[in-house]
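Number of protein chains: 2
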Amino acid sequence: MKENDRLVRNITAKSEDFSKWYPEIIRKAALADYAPIKGMMVIRPYGYAIWEYIQAHLDRRIKSSGHENAYFPLFVPESLLQKETAHLEGFSPEVAWVTQGGADELEERLAVRPTSEAIIGHMYSKWIKSYRDLPVLINQWANIVRWEKVTRPFLRTTEFLWQEGHTAHETQEGAQEETLKILALYKEFSETELAVPVLSGEKTEKEKFAGAQMTYCIEGLMSDGKALQMGTSHDLGQNFAQVFNIRFEDREQTLQYAWQTSWGVSTRLVGAVVMCHGDDSGLKLPPRVAPVQVVIVPISVGDWKETVLPVARQLEVSLKQAGIRVKLDAREEFTPGWKFSDWEMRGVPLRLEVGPRDVKNNQALSARRDTREKQPLSLENIADPVLKLLDDIQNNLLQSARKFQKENTHVVGDYAEFKTVLEEKKGFLKTFWCGSAECENQIKEETMATIRVVLMEEDRDSGDGGCICCGKGSQEQVYFARAY
Amino acid sequence: MKENDRLVRNITAKSEDFSKWYPEIIRKAALADYAPIKGMMVIRPYGYAIWEYIQAHLDRRIKSSGHENAYFPLFVPESLLQKETAHLEGFSPEVAWVTQGGADELEERLAVRPTSEAIIGHMYSKWIKSYRDLPVLINQWANIVRWEKVTRPFLRTTEFLWQEGHTAHETQEGAQEETLKILALYKEFSETELAVPVLSGEKTEKEKFAGAQMTYCIEGLMSDGKALQMGTSHDLGQNFAQVFNIRFEDREQTLQYAWQTSWGVSTRLVGAVVMCHGDDSGLKLPPRVAPVQVVIVPISVGDWKETVLPVARQLEVSLKQAGIRVKLDAREEFTPGWKFSDWEMRGVPLRLEVGPRDVKNNQALSARRDTREKQPLSLENIADPVLKLLDDIQNNLLQSARKFQKENTHVVGDYAEFKTVLEEKKGFLKTFWCGSAECENQIKEETMATIRVVLMEEDRDSGDGGCICCGKGSQEQVYFARAY
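If you're matching them up, the sequences are chains Y and E in order. Numbering-wise, this note's numbering comes out as the position in the first sequence, counting from 1, plus 684. Numbering-wise, this note's numbering comes out as the position in the second sequence, counting from 1, plus 684.
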């Protein structure tokens, strides 16, 4: 167990220092590395594979709900970005500008897209002519650049990968329905695939997307008690349609502006998976997005290459045939103990050990990453119990995260209590808010807490309460937290 | 048939003017549209779906041959791009430069990646320490920007999408083997999935990738008799390893530079599919990359909504269940004749018509896009014959393209004949070349033809011939063509 200890010593324990643990485990598990450009990262194969599973699960949902993928240009001419004033003000401090092409100075600066409403709005104005062209339901998988001052791998980087949906509708109701449909889709996706439970609701005026009528979001609680915005869905109203002149002839032959939405999630979700489930030993990946779901470690003693290894190889084949993502770690330069803790650190949900005694008993010893429970499994039809265990692990991660969220959500009634709870317990603070930007700003300045979601009407408790800051009676129930 | 005529009149016939037909069909079939930025395009859903099938088919092959995907930054600092001199000279005229981030002027210009050897080389120097770390087999799906003077949708655009493989090996033989393995993979992929037969071979010194030791490529013949480079695989030798200091401790504990390769195909392949198979009526898509493989057109006469439509819907369900990409066109504002020619123009491989008589006979009338053959199919277990027809269409497209390529490949022995054949027949000209840049340049200047591939030794005919330009005896057999 010496190597085992040595390996664990290489990472700061999460329980000791979360903010040191996070970047260390990202690099140690080879999810990502720092790039030689300010605030940029390289997503390494193990991290990128998680993103590929996120993409696959989400893309399936996006398509089966009627959307199609397309691809719009990376560059947005400055004049287009300037059209929507709030949008410009929101994004211009973060824009990287291309000013030279080959040997030539450009006549107009080109923004490297910080988001694509402007360029897409311009194209929609050419494509949408009649109500028959609506709805337009388009999604794009793309890279985005925002010149961020403070960055952290996956959570906030100068470049990131995301999907951005951009839809146009005949009616206001059509756009509202779409916005909420995607919000529900994101919530279901996050809980089913990432095992990360989320709150959903509205953003405040201050926190909404630059140019939107209303922003909805999902918010997860990370295991250090801080909130993470994991996805947003914007009802754009006719704001962009008006400035980009997206008009259609309606059923009564009059010209109308289209109603639009936009929505997105990004590689930030990889960070959410790390921060929600990880522990002192490293990552704990939900089976549905784990690049390796099962690792087989042969116990390398005696004549293991002749006795144990062939059985391990056969086991690998059986699991592969059942569609399980399995890896056989037959490396000779490492001991089984070292491999155990290495794969634990990398978050593989299930380990199967095969040693001489297991071969004799026609079994493998399973070890769960989440509960560390061990259980012998007969090699006969082993895929069935393995699939069952993977399901159990996925469910257990979600239930544990739900329990954590519940235990770290505090209903608070007065401001002094608010401050104490925030300092001592962290997590979500459920309370009332009068709706004024003054109170919102004051709370942020004094406590660094922000309103993560304003509950939608159907989610509110009946009755009202006093604003946590000014005491004014209010029906607006909100969740505060410190956030990433 | 009036609408039918009208629709066809909207596109220039391919046989009349290929270079007008190409951009017109791209827009008419809604594959792509022009963007408001010089040389950039928007890939619309129908065109992007073709790219998604190309990606899926190719990604499967890349992964099953042992490669993993990753993601490297969009920006490359100028100092990194400058390290490999030939590489810099090759790419610097085409680079878009970011010079401002937010409100700040950057201290160092950042290139929007024209390719990623430099940034990846930098990272590999950090990751590769021992022979145990090799081979590194990484692929990336990404967008690329090259400031092109003359652009054409899909074929040459300022921004395009591609995959770029970047591998590092312990030995020179390892890198050579990888380069050729990928070349063979590209050829098999192009022929199996795109139904586009290709020549493969080496590039000349003049045409090789900036910084490579040797470039291999696949070249397709478009139906106007011009060649298209469809993919390249580069043996980089130790060129980049030396300038980026990618060194490893070998099995004898001495430091060695790694041997590298890089290889890529791009959205240009969508253009290849259009130009290889299209005809006067529009696109002709190979079933394996067609977004819609089968379109069902109900014949809208009399009480069709009560009689025909339910049968058409049931047909749609049966085909979907068999995994076929099917679309039911039940639009009321268009006649069946208009729909026939619209879907023909969009290249859907197979049409199924369902009219009142078909319902009575429990059948659908199939019409192939490639041969225009019609054939009634019983609705009983209809998925089987439909799948069989789709296979036949895929094969027939490949065979037709092979036949075209054969008929348009001319063995020429003297320069006068070379010029006449090139002018009158176009296509590939197979001949001998002495290997000198002088002859290569002279031929290009005088005829606009370039050497598309130098045949590899095992593909050459036995014996030698005289260089088509200077007459000097040579064993270097080459294919010339005018190219995109």
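For every residue, glycine included, the Cβ atom is placed at its ideal position computed from N, Cα and C.
- Contacts between F838(Y) and chain E, judged by CB atoms closer than 8 angstroms, are missing: the closest CB pair is about 12 angstroms apart.
- Spanning the alpha carbons of W988(Y) and P994(Y) requires a straight line of approximately 9 angstroms.
- Taking the Cα of T938(E) as reference, the smallest distance to any Cα among Q856(E), L1034(E), K813(E) is reached at K813(E).
- With a contact defined as Cβ atoms closer than 8 angstroms, V958(Y) and R1009(Y) miss out at about 19 angstroms.
- In the structure shown, the three-state DSSP call for D1042(Y) is helix.
- DSSP places Q1083(E) in the uninterrupted alpha helix (DSSP H) bounded by 1067–1091.
- Taking a beta-carbon distance threshold of 7 angstroms, I727(Y) counts as an interface residue toward chain E.
- Here the C-alpha atom of W705(E) lies approximately 39 angstroms from the C-alpha atom of G921(Y).
- A Cβ of chain Y is located within less than 7 angstroms of the beta carbon of T783(E).
- Proximity of the segment 848–863 of chain Y to the segment 872–881 of chain Y falls short of the contact definition, fewer than three beta-carbon pairs being nearer than 8 angstroms.
- Taking a cut-off of 8 angstroms for Cβ pairs, the segment 787–796 of chain Y and the segment 758–777 of chain Y touch, as three or more such pairs fall below it.
- Inter-residue distance for C901(Y) and K892(Y) is about 9 angstroms (C-alpha atoms, whole angstroms).
- Excluding sequence positions up to five before and after S776(Y), its CB lies within less than 8 angstroms of the CB of L765, all in the same chain and listed in chain order.
- When H806(Y), S748(Y), P881(Y) are compared, the shortest CA-CA separation from K865(Y) is found for S748(Y).
- Taking the beta carbon of W831(Y) as reference, the chain E residues within 7 angstroms of it are G785, G786, listed in sequence order.
- In this structure, Q1047(Y) keeps its C-beta atom at 7 angstroms or more from the C-beta atom of F1116(Y).
- Burial state of K968(Y) is buried, judged by a 10 Å Cβ sphere holding 16 or more other Cβ atoms.
- Around the beta carbon of M1132(E), fewer than 16 other beta carbons sit within 10 angstroms, so the residue counts as exposed.
- Per the C-alpha coordinates, the member of S800(E), H741(E), E886(E) positioned closest to L1139(E) is E886(E).
- Assignment of V992(Y) by DSSP, reduced to helix, strand and coil, places it in the helix class.
- Here P975(Y) carries a coil assignment [DSSP, helix/strand/coil].
- About 4 angstroms separates the beta carbons of T835(Y) and G723(Y), which is inside the 8 angstroms limit, making them a contact pair.
- Y1168(Y) sits close to L839(Y), with the two beta carbons spaced by under 7 angstroms.
- Take the alpha-carbon of Q940(E) and the one of A925(E): they are about 9 angstroms apart.
- Beta-bridge analysis with DSSP links L864(Y) to no other residue.
- For V882(Y), the enclosing beta strand (DSSP E) covers residues 882–886.
- Secondary structure of G909(Y) (DSSP, three-state): coil.
- In the DSSP annotation of this structure, the continuous segment of the alpha helix (DSSP H) that includes W811(Y) starts and ends at 801–811.
- Here the C-alpha atom of T1093(Y) lies approximately 13 angstroms from the C-alpha atom of D908(Y).
- Within chain Y, no residue has its CB atom less than 7 angstroms from the CB of H771(E), the nearest being about 16 angstroms off.
- Listed along the chain, the chain Y residues whose CB falls inside 9 angstroms of the CB of E778(E) are G785, G786.
- Contacts between V796(E) and chain Y, judged by CB atoms closer than 8 angstroms, involve L758, V782, V796 in chain order.
- Relative to A716(Y), the option among T799(E), V1096(E), A754(E) whose CA is nearest is A754(E).
- Chain E places a beta carbon closer than 7 angstroms to that of M724(Y), counting this residue as a contact.
- With respect to the 7 angstroms criterion, Q784(E) and W781(Y) are classified as neighbours on the basis of their beta carbons.
- Residue pairing of W947(Y) in beta bridges, as defined by DSSP: G849(Y), S917(Y).
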